Every structure is written in C-alpha cells, then in structure tokens.
Amino acid sequence: MNLEKSLQAIIAKAIETLYGQAVSTDLIQISKTKKEFEGHLTLVVFPLLKISRQSPEQTAQSIGEYLQTHTSEVARFNVIKGFLNLVIAPSVWLTEFNSIHANENFGFTTATEQSPLVMIEYSSPNTNKPLHLGHIRNNLLGFSLSRILQANGNKIVKTNIVNDRGIHICKSMLAWQKWGEGITPQSSGKKGDHLVGDFYVLFDKHYKAEIAELIAKGETEDSAKKNAPLILEAQEMLRKWEAGDAETVSLWQTMNGWVYDGFDATYKAMGVDFDKIYYESDTYLLGKEVVLDGLQKGIVYQREDGSVWADLTANGLDEKLLLRGDGTSVYMTQDIGTAKLRFDHYPIDKMVYVVGNEQNYHFQVLSILLDRFGFEFGKGLVHFSYGMVELPEGKMKSREGTVVDADDLMAEMINTARETSNELGKLDNLSADEIASISRIVGLGALKYFILKVDPRKNMTFNPKESIDFNGNTGPFIQYTYARICSVLRKANESGIAIGSQASVALGISGKEEALIQLLAEFEAVVKQAGNEYSPSVIANYVYDLVKEYNQFYHDFSILKEEDSEMRAFRLMLSQNVARTVKKGMWLLGIDVPERM
RNA sequence: GGUCCGGUAGCUCAGCUGGAUAGAGCAACAGCCUUCUAAGCUGUGGGUCCCAGGUUCGAAUCCUGGUCGGAUCACCA
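If you count the first sequence from 1, you need to add 47 to reach the numbering used here.
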C-alpha cells in the first residue's frame with residue numbers, strides 16, 4: 048500500500064528531526080492496527096529505542112506528537128506500551144478512494160511486449176481414467192495461478208501435457224478388444240473418458256484373477272505378476288504400438304479420441320482451458336536425443352547393460368536412470384524432451400509446473416538435469432507443488448472405490464446449489480435458463496472456493512458435506528454479497544438515485560467506511576503477494592475479509608434510505624468499488640459471480 | 001535409514017519477512033426479518049499454537065534437538 052510507504056518516509060524524517068539521527072526504513076515497522084484499538088496504522092517503536100534513548104512510551108509519544116502537529120496525514124494518535132497507533136485523516140482515505148475509483152484496473156498490471164513470458168503447465172492427465180478430485184485441485188490451482196501471474200503483468204501460456212502413451216493405455220485397449228468390441232460412447236451413452244476408464248478397471252479385475260490363479264498353482268507373487276497372460280499381451284501391444292502397427296495405432300487413436308471428448312467436457316464444465324496442448328506420444332522420443340547427445344559430451348554415462356544414467360551425487364542426490372537397457376525412455380526423459388520442444392516453440396522466460404508434491408524429487412532432478420544439458424531455464428523452473436486431497440475417511444483409493452469422480456462431484460455441487468436455492472425461495476420468478484446458470488455458478492463457486500482457500504502446499508481434507516455448506520467462509524457467501532450489492536445498485540438505478548463519481552473531502556465518514564477503503568487499497572499489495580508466493584489462497588482469504596467487512600457495513604446502514612444525498616451517493620460508490628474488487632478477486636480464482644442469486 | 005513437507009479451538013482452516021490479550025467459519029447456545037436479498041448480522045462458551053531447549057526487549061512465527069503424521073529415494077508415470 049502506498050500510504051504505508053509514504054508514512055514510512057514521513058516517520059523517518061520525523062525521527063531525524065527529533066533525534067538528529069538518520070534511520071534505515073526497515074527499522075520503521077508499520078502494520079495494520081488491531082481491531083480493538085483506535086487507529087488505522089501502527090508503528091512499532093521498539094526497534095527505534097536505541098536511537099531515541101528513551102522509554103518505549105516516551106518515544107511513541109514524541110513521534111506521535113510530531114506527526115500530529117507537522118503532518119496532515121495523521122489526525123490523532125494513541126500510545127499503548129511500545130505501539131503508536133495512528134489515526135489517518137479522513138481526507139487521506141477519501142483521496143485514496145477517489146484514486147482507486149478512477150482506476151478500473153487497480154491492482155492489475157497489464158503485460159507489455161517486454162513482459163516476461165511464463166508458461167504454466169497443469170492438469171496433465173493420463174488417458175486411461177476420468178479426472179478425479181485430485182485433478183480438480185490441480186486444475187483449479189493451475190488456472191487460478193495463470194490468472195494471478197497474468198494480473199502481475201506476465202505474458203501467459205497455459206499448457207497441458209497429456210500422457211497418452213504407455214502400458215496403462217494398452218490395458219484399456221486390450222480390455223476393450225476382449226470384452227467390449229463394438230461398444231462406443233454413442234452406443235453405451237457413456238462419456239468417453241468414463242467408458243475407457245471402465246475398461247481399465249475391467250482389465251485390472253481379470254489381471255488380478257489371473258495372478259491369483261497362478262499363485263494357486265504355486266508361482267510366487269512376483270512371477271505371477273510378470274507372467275500373467277494379460278500383462279504379456281498388454282506389453283506385446285505396447286511393442287506393436289511403438290513399432291507403428293497400423294491396427295494398434297488406429298485403435299489407440301479411436302479410444303484416445305473418446306477420452307479427449309470426455310476431458311473437453313470436464314474442462315469446460317470446470318471453466319479451465321489451455322493455450323497449447325502437448326502429447327507425450329509426440330515428445331517421448333525427443334528426450335532420448337538430448338540424453339544421447341549428453342552421453343557423447345560426457346554429461347551422463349552408460350552402464351554395461353546399455354542403460355544410461357546421470358550421476359547426481361555431487362548435488363547430494365542419487366543416480367538417476369534416463370534410458371533403459373533397451374534404449375527406451377522413462378518419465379524423466381520425456382519431461383526433458385517436452386521441455387526442449389516447448390522452448391523451441393516459445394521464448395519462455397519462466398516455466399511453472401503445477402504437479403503434486405509426491406513429485407518434489409522428480410522436479411529437483413529435472414531442474415538439475417536441464418541445467419546440465421545446457422538449457423538456461425532449467426535452474427529457474429518452478430515446481431508449484433501442492434498437497435494431496437484426502438477424504439474424512441483417509442486417502443482416496445481406487446481399489447476401495449473411494450475415488451471422487453470430477454464429473455460426479457461437479458454435478459452434485461450444482462444439484463445441491465439448485466435444491467438449496469429452491470428451498471430458500473431464491474429461484475422463484477426465474478426462467479429455466481437463469482436457474483441453470485445460477486445453480487452452476489453457485490455450485491462450482493462453492494467447490495472452487497473450498498479448494499482454493501487452503502494453502503496449496505498443505506494436504507487438505509475434502510469433506511463433501513462441508514463443501515456443500517453455503518454459510519460462512521465459502522464461495523456462495525462471497526457471491527451472495529456480490530449479488531446483494533448488484534441488487535442495491537440496480538434499485539438505485541431504477542429509482543434514479545445518483546451513484547457518486549467523486550467522494551467529497553467535506554464528507555464526515557465513519558470508521559466503517561474507512562475500514563472498507565483501507566481494505567480496498569490493500570488489493571494491489573495482495574495481488575502482488577499472491578504472485579510472489581504463487582498462492583491463490585492469499586486472494587481467497589483477502590476477498591473473504593473484504594466481504595465480511597462489507598456485510599457489517601451493509602447491516603449498519605440503510606444505504607438507499609440515507610437522507611443525506613451526498614452520503615448516499617458515497618456509500619453507493621463505495622459498494623460499487625467493493626463489488627468491483629470482489630469480482631476481480633474471484634476472477635483471479637477462476638470463480639464466476641452472479642448478479643442475482 | 002537419507003531427503004523434503006506438515007502438526008494452531010471438538011472439526012475445517014487463517015495468521016509464519018519476530019510485535020499488543022493467537023483469529024475466522026462450522027458445530028453448540030442466546031438474540032435480530034412490517035426497513036436495500038436472513039445463503040445475512042450481533043452476542044456467549046471453546047486454546048499446553050506437538051514437546052524441550054536456544055536467540056531476543058518480545059517467539060505460533062527464527063535456530064537446534066526430539067516426537068507424531070505424510071511424501072519420496074523404481075529399467076512405473
């Protein structure tokens with residue numbers, strides 16, 4: 048906040064005058080005054096005692112008196128222990144407010160030609176299963192992060208790397224050939240990704256049965272897993288795919304097509320999108336070239352069996368396999384290839400990977416390897432690492448059928464939103480289209496906010512019951528406040544009541560209004576902080592604070608019935624700016640706000 | 001075992017570049033709808049900030065050690 052900075056300079060000057068000694072600004076600690084005390088900003092004087100050579104109270108008193116008499120910004124002050132609470136003059140708040148009001152874009156920085164280009168990778172699904180709750184956290188974080196970085200003046204490319212090849216895809220394909228030939232999404236009425244996921248599960252079921260059979264015949268578990276006929280067939284299918292066998296490739300294309308249609312529907316429902324999608328089938332061979340090149344240059348080494356390794360012991364890590372004995376790629380190799388391809392396509396200044404914290408080690412290694420292979424961006428890559436989503440009963444386990452499906456969950460949230468709205472009579476007199484739109488906005492808002500308000504680094508518990516609660520610190524509470532402001536502004540408009548365009552300094556405003564302006568002014572700093580820390584939760588918690596403060600204000604005053612027309616215009620103007628900031632904050636989270644609900 | 005991350009109210013979470021009496025929401029209880037949307041507002045109760053040391057005028061916050069929980073250390077992705 049600008050006010051804090053200028054106050055810092057003013058105080059520095061005051062101290063120099065009072066004690067004849069210059070101070071560095073980091074000794075001048077200014078924070079927001081706690082609610083139970085009078086004042087807006089508080090100076091902590093303890094660090095200044097060495098200079099003042101007085102008691103904390105005396106020091107605070109002297110500085111306070113100086114500020115009150117020599118500056119126009121400070122109207123009053125009070126001293127409690129070593130804390131100097133400053134009451135900022137109303138005129139300062141009104142000036143601040145007018146400048147925020149005049150700048151529609153307040154808090155956001157628009158990218159220019161020279162702005163850094165940030166590529167952000169998120170989602171990154173496998174094409175053998177539908178998206179689940181874990182993907183939801185990933186997608187929401189990635190999308191919100193892209194908007195936060197955009198608002199901080201970066202050029203953004205959102206990207207997705209689809210893991211469309213490998214043994215897991217072959218399992219689904221094989222199961223379909225064996226037990227589902229002829230079944231399509233159209234014929235079964237199932238979403239493509241769910242249909243393919245079902246065949247993956249079916250494969251697993253039969254595979255497990257074969258293993259059990261082999262163990263019963265006396266084989267060890269390890270050998271049974273390796274020698275079950277189904278897994279051998281799947282491996283054979285992978286070999287055929289890699290060899291370019293026409294029939295296999297064709298089936299692969301068909302089934303992946305089904306899955307992409309399904310994913311597209313899910314992404315669209317979730318409200319996320321991508322600028323560029325990469326497929327591992329296009330990049331997995333590229334990494335091999337980079338690694339072989341590195342082998343010639345002596346960056347990596349080859350073992351007797353032909354496998355290629357990187358020695359990372361100098362970095363305090365282990366040795367890492369990059370190419371198998373048969374020359375094929377592993378996960379790490381693919382990521383190297385994908386990185387190369389991306390940097391060939393775009394002049395990327397910074398690469399951000401939104402990937403779960405179970406892959407912290409992988410990205411630590413990737414950063415070192417990219418750097419060694421001569422890619423400048425390697426050192427600076429950001430692994431945006433987030434925690435797992437757990438259920439109240441514990442982790443999601445596909446074996447136990449506790450995986451929460453993304454499509455189901457979103458549908459359920461929207462349904463509950465509709466039912467709850469209906470019970471409250473919110474949907475009376477609305478068209479079917481409006482009902483559908485509001486239910487969708489509120490249901491998804493609840494889900495998104497519930498997930499985004501939590502610090503990304505932490506594991507979180509997803510309680511379906513609580514997420515559907517629309518009271519308290521929730522998305523719908525914020526949306527509700529927004530809708531109510533819209534309603535007030537609508538009514539003002541209908542009855543020809545003027546909304547202010549410039550707050551007059553002659554107004555006698557109260558602490559409630561000052562508190563709101565102070566919060567509005569913080570938005571700029573909050574957006575910056577969210578960008579620095581890569582954290583949507585900073586935005587979420589800020590918007591909640593703002594809305595909570597506004598609700599108290601809303602209940603204290605009957606805005607439309609205010610008789611003083613100037614005050615009424617000012618309060619409407621303030622409401623308008625709160626709505627604008629809420630909307631911007633929610634936009635950064637990727638959450639829509641309804642104009643009525 | 002090595003490395004990384006976490007432990008704050010009954011529950012879900014803020015606060016963590018050191019600052020005042022540690023905050024919200026949920027749940028419980030008590031009030032507020034002839035007044036702009038009660039999905040709201042007001043109040044009450046609820047704490048060994050995992051433990052122990054250290055640094056400091058001052059520690060939930062920083063450091064060290066311990067403890068509990070999670071992740072990871074694959075010729076899986």
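Backbone N, C-alpha and C define an ideal beta-carbon position, used for all residues, glycine too.
Quick caveat: nothing in here was measured; it's all calculated off a predicted structure.
How big is the Cα-Cα spacing for residue 351 and residue 420?
23 angstroms
Less than 8 angstroms between the beta carbons of residue 254 and residue 285, yes or no?
no
Buried versus exposed call for residue 68 [16 or more other C-beta atoms within 10 Å across all chains shown]
exposed
Please report the straight-line C-alpha distance between residue 48 and residue 537, rounded to a whole angstrom.
Only weak support exists for where residue 48 lies, its pLDDT of 46 falling under 50; the value from the coordinates is given anyway. So the alpha carbons of these two residues sit roughly 31 angstroms apart.
With C-beta atoms as the reference, is residue 162 less than 8 angstroms away from residue 201?
yes
Which class does residue 106 belong to by DSSP, given the choice of helix, strand or coil?
helix
Report the rounded CA-to-CA distance for residue 66 versus residue 99, giving the unit in angstroms.
6 angstroms
Have a look at the DSSP bridge pairing and note the partners of residue 295.
Its beta-bridge partners do not exist; DSSP assigns none.
Between the Cα of residue 492 and the Cα atoms of 224, 260, 316, 222, which residue gives the shortest distance?
316
In this structure, does DSSP put residue 124 in helix, strand or coil?
strand
Short Cβ contact (8 angstroms threshold) for residue 167 with residue 192:
yes
N-terminal and C-terminal residue of the alpha helix (DSSP H) that residue 432 is part of
Run containing residue 432: none in the alpha helix (DSSP H); it sits in the beta strand (DSSP E), 429-433.
Take residue 305 and list the residues in its own chain whose beta-carbon comes closer than 8 angstroms to its own, dropping the five residues that flank it on each side.
231, 232, 239, 240, 242, 243
Where the beta strand (DSSP E) through residue 185 begins and ends
Premise fails: residue 185 lies in the alpha helix (DSSP H), 180-198, not in any beta strand (DSSP E).
Using 10 angstroms around the beta-carbon of residue 581, count the other beta-carbons present and answer buried if the total reaches 16, otherwise exposed.
buried
Buried/exposed call for residue 488, threshold 16 Cβ in 10 Å:
buried
Distance CB(residue 601)-CB(residue 563) smaller than 8 angstroms
no
Do the stretch 211-221 and the stretch 468-487 meet, that is, are 3 or more Cβ pairs less than 8 angstroms apart?
no
Give me, in chain order, the residues of the same chain whose beta-carbon lies closer than 6 angstroms to that of residue 570; leave out the 5 immediate sequence neighbours on both sides.
154, 628
Does the beta-carbon of residue 288 have 16 or more other beta-carbons within 10 angstroms, so that it is buried, or is it exposed?
buried
Starting from residue 331, trace the alpha helix (DSSP H) in both directions and tell me its first and last residue.
327-344
In this structure, how does DSSP classify residue 302 when only helix, strand and coil are distinguished?
helix
Taking buried to mean at least 16 other C-beta atoms within 10 Å of its own C-beta, is residue 389 buried or exposed?
buried
Is residue 431 closer than 8 angstroms to residue 399 when the C-beta atoms are compared?
yes
Could you give the residue range of the beta strand (DSSP E) that holds residue 591?
Residue 591 -> not in any beta strand (DSSP E); alpha helix (DSSP H) instead, spanning 583-603.
Spatial neighbours of residue 617 in its chain, beta-carbon cut-off 7 angstroms, leaving aside the 5 residues before and after:
547, 550, 554
So, at 6 angstroms on beta carbons, what are the nonlocal neighbours of residue 62 in its own chain, with the 5 sequence-adjacent residues on each side left out?
70
Per DSSP, what kind of secondary structure is residue 365 in: helix, strand or coil?
coil
Taking C-alpha atoms, which residue in 204, 195, 252 lies nearest to residue 219?
252
Give the straight-line distance between the Cα atoms of residue 89 and residue 77, rounded to the nearest whole angstrom.
5 angstroms
By alpha-carbon positions, which one of 634, 95, 626, 97 ends up nearest to residue 642?
626
Using beta-carbon positions only, say whether residue 106 and residue 92 come within less than 8 angstroms of one another.
yes
On the DSSP bridge list, what partners appear for residue 357?
367
Determine whether the beta carbon atoms of residue 428 and residue 417 lie at a separation below 8 angstroms.
yes
If you compare alpha carbons, which of 644, 223, 300 is closest to residue 473?
644
Measure the alpha-carbon distance for residue 112 versus residue 94 and round it to whole angstroms.
19 angstroms
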